[in-house]
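Under my numbering, think of the first position of the sequence shown as 524, with each following residue one higher.
Positions of the beta carbon are idealized from the N, C-alpha and C atoms, including for glycine.
These notes are about the structure you will find just below.
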Amino acid sequence: MLVGRSWRTAAAVSLAALALLPACNRRKPAEVNDIVPKFEVNRSRAPLGSAIEVTYTWQLEATAKKLTQDHRAFVHFLDSHKVLLFDDDHVPVPPVTGWEAGKSYSYTRTKFIPIYPYVGDVDVRMGLQPSAGRGERVALKGTDAGLHEYSVAKMELLPQTENIFLVYKEGWHNPESSAQNPSLERTWTKKDALVSFKNPKKDIIVYLEADTNSKAFDAPPVLTVAVGGKAGLVVPIDNSEVFLKKIRVKAADLGDQEWVDLRLSMNQSFVPKAKGVNPTDDRELGLMVYHLYVGEVDKLGNVPNVVDATPVTLAPMGTPSPAPGASPAPGAKASPGAKPAPGAKTSPAAKAASPAAKAAPKKKP
Numbered sequence: 524m525l526v527g528r529s530w531r532t533a534a535a536v537s538l539a540a541l542a543l544l545p546a547c548n549r550r551k552p553a554e555v556n557d558i559v560p561k562f563e564v565n566r567s568r569a570p571l572g573s574a575i576e577v578t579y580t581w582q583l584e585a586t587a588k589k590l591t592q593d594h595r596a597f598v599h600f601l602d603s604h605k606v607l608l609f610d611d612d613h614v615p616v617p618p619v620t621g622w623e624a625g626k627s628y629s630y631t632r633t634k635f636i637p638i639y640p641y642v643g644d645v646d647v648r649m650g651l652q653p654s655a656g657r658g659e660r661v662a663l664k665g666t667d668a669g670l671h672e673y674s675v676a677k678m679e680l681l682p683q684t685e686n687i688f689l690v691y692k693e694g695w696h697n698p699e700s701s702a703q704n705p706s707l708e709r710t711w712t713k714k715d716a717l718v719s720f721k722n723p724k725k726d727i728i729v730y731l732e733a734d735t736n737s738k739a740f741d742a743p744p745v746l747t748v749a750v751g752g753k754a755g756l757v758v759p760i761d762n763s764e765v766f767l768k769k770i771r772v773k774a775a776d777l778g779d780q781e782w783v784d785l786r787l788s789m790n791q792s793f794v795p796k797a798k799g800v801n802p803t804d805d806r807e808l809g810l811m812v813y814h815l816y817v818g819e820v821d822k823l824g825n826v827p828n829v830v831d832a833t834p835v836t837l838a839p840m841g842t843p844s845p846a847p848g849a850s851p852a853p854g855a856k857a858s859p860g861a862k863p864a865p866g867a868k869t870s871p872a873a874k875a876a877s878p879a880a881k882a883a884p885k886k887k888p
């Protein structure tokens with residue numbers, strides 16, 4: 524009898540403890556900061572491998588509380604099963620520590636959509652988290668999908684075949700992976716590189732995201748982007764930072780042929796081995812291309828910071844660059860990646876829109 528009574532007493536104590544557990548573990552809901560995140564895109568239906576223009580807005584109501592710690596914006600693009608496809612995490616402009624109650628802050632970013640084996644609906648979610656990686660996300664005002672991640676928009680990803688297809692021809696090395704992120708790719712050109720695309724007979728916008736090792740050149744590097752052999756843009760390259768150019772080319776400048784050539788031409792090139800910055804790399808290098816995308820103007824929606832193409836003149840393909848100096852340039856960085864297979868001239872066309880949007884360590888967030 525004593526054994527039975529002891530068992531019943533222990534069971535009663537255990538049940539009482541279990542009843543108290545929810546109350547003990549119940550956390551106080553985070554206090555909402557009256558900041559409303561907003562997401563607007565220039566087109567809600569976009570093909571894989573294409574570019575979109577996203578405007579982020581952070582609307583602070585009069586009751587919004589001051590954020591005294593640096594925070595990053597996280598932006599997640601989820602598929603229909605709520606699996607993360609890609610992101611656009613970044614530092615807001617201006618930084619959150621400069622935000623004031625009662626004001627609204629907006630800025631636009633260009634995002635290149637990576638190529639995934641997925642087409643269909645996408646749920647876009649936003650939020651704020653401490654830049655240092657420690658601390659809790661900010662409880663914002665909006666539809667919380669969980670863990671202070673807020674549903675702000677819906678998109679649809681279309682097949683890559685909806686894009687203008689680029690055929691990579693001469694002047695391209697093999698694609699390389701970023702040491703910081705192996706999933707991100709970029710491609711070096713030689714002094715001149717050529718791609719072709721089928722003539723849409725419409726106005727187009729050429730997106731080019733690239734950089735180069737400016738200190739490795741014997742003279743300041745200059746890039747000429749030429750479309751159809753007569754219209755384009757001359758781009759002096761002042762440093763080794765990543766740059767993005769958007770060039771509008773009129774249908775008349777594309778000509779009446781079925782195919783149009785797009786040429787990237789540097790005024791010179793360099794060889795890392797000859798410069799003493801990489802003893803195993805004897806490639807001729809010109810421009811490091813992260814994204815090259817061509818879109819029809821009437822399908823792109825509003826695109827900011829576009830420049831109109833102007834007449835350009837180039838020497839024939841294959842014109843040699845000035846003989847490079849044998850001495851290393853001060854501060855010249857080594858070119859990443861291994862030497863490609865001999866004779867490699869073309870890369871798959873899909874590499875034009877590989878997920879390399881943010882591969883360079885120096886790129887501004």
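| query | result |
| --- | --- |
| Hey, would you say Ala716 sits closer than 8 Å to Gly752, going by beta carbons? | no |
| On the DSSP bridge list, what partners appear for Pro759? | Val745 |
| Using the DSSP secondary-structure output, state which residues sit across from Met789 in a beta bridge. | Leu746 |
| Which residue from Thr631, Arg660 and Asp602 puts its Cα closest to that of Asn828? | Thr631 |
| What residue ranges within the stretch 589-651 form continuous beta strand (DSSP E) runs of no fewer than 3 residues, ordered along the chain? | 594-601, 607-610 and 627-635 |
| What's the call for Trp782, buried or exposed, on a 16-neighbour Cβ count within 10 Å? | exposed |
| Which same chain residues, not among the five before or five after Gly778, have their C-beta less than 6 Å away from its C-beta? | Gly751 |
| Count Cβ pairs between the stretch 585-605 and the stretch 690-706 that sit closer than 8 Å; are there 3 or more? | no |
| By the three-class DSSP mapping on this structure, what secondary structure does Asp715 have? | strand |
| Out of Lys605, Val606 and Ser629, point me to the one whose CA is closest to Val616's CA. | Ser629 |
| Could you have a look at Leu541 and say whether DSSP puts it in helix, strand or coil? | Only weak support exists for where Leu541 lies, its pLDDT of 43 falling under 50; the coordinates are left without a value. |
| Just list the residues that DSSP pairs Gly818 with in beta bridges. | Ile728 |
| Which residues does DSSP list as the beta-bridge partners of Phe720? | Leu689 and Val783 |
| Is it the case that the Cβ atoms of Val745 and Val729 are separated by a distance below 8 Å? | no |
| Using only the alpha-carbon positions, how far apart do Ser719 and Asp667 sit? | 46 Å |
| Under 6 Å Cβ to Cβ from Ile687, same chain only, skipping five residues before and after it: list those, please. | Phe720 and Val817 |
| When burial is assigned at 16 or more other CB atoms within 10 Å of the CB, is Lys714 buried or exposed? | buried |
| Taking all protein chains shown into account, do 16 or more other C-beta atoms lie within 10 angstroms of the C-beta of Lys798, making it buried, or fewer, making it exposed? | buried |
| With a threshold of 8 Å between beta carbons, is Gly665 in contact with chain C? | This model lacks chain C altogether; it includes just one protein chain. |
| Have a look at Gly656, Val830, Ser792 and Val675 and flag the residue whose alpha-carbon is nearest the alpha-carbon of Val820. | Val830 |
| If you compare alpha carbons, which of Thr836, Gly621 and Tyr641 is closest to Val606? | Tyr641 |
| Is Gln683 closer than 8 Å to Ser627 when the C-beta atoms are compared? | no |
| Is Ser603 buried or exposed, if buried means 16 or more other CB atoms sit within 10 Å of its CB? | exposed |
| In the DSSP assignment, what residue or residues form a beta bridge with Phe562? | Tyr579 |
| Comparing alpha-carbon positions, which option in Trp622, Thr580 and Pro637 lies nearest Ser573? | Pro637 |
| Put Ala775 into one of helix, strand or coil per three-state DSSP. | helix |
| Let me know if Arg568 comes out buried or exposed under the rule of 16 or more other beta-carbons within 10 Å of its beta-carbon. | exposed |
| According to DSSP, is Thr833 helix, strand or coil? | strand |
| Just to confirm the assignment, what range does the alpha helix (DSSP H) spanning Lys798 have? | Pro795 to Lys798 |
| What did DSSP end up calling Ser737 once you bin it into helix, strand or coil? | helix |
| Which residues in the same chain as Ala553 place their Cβ atom closer than 6 Å to its Cβ, once the five residues preceding and following it in sequence are excluded? | Ala662 |
| Are there 16 or more other CB atoms within 10 angstroms of the CB of Arg549, so buried, or fewer, so exposed? | Only weak support exists for where Arg549 lies, its pLDDT of 48 falling under 50; the value from the coordinates is given anyway. Flag for Arg549 reads exposed. |
| Please list, in chain order, all residues of the same chain as Asn790 whose beta carbon is under 6 Å from its beta carbon, the five residues on each side excluded. | Val745 |
| Evaluate Ala749 with the Cβ neighbour count: other Cβ atoms within 10 Å of its Cβ, from every protein chain shown; 16 or more gives buried, anything less gives exposed. | buried |
| Look up Thr684 in the DSSP assignment and say whether it is helix, strand or coil. | helix |
| So who's on the other strand from Asp667, going by DSSP bridges? | Tyr673 |
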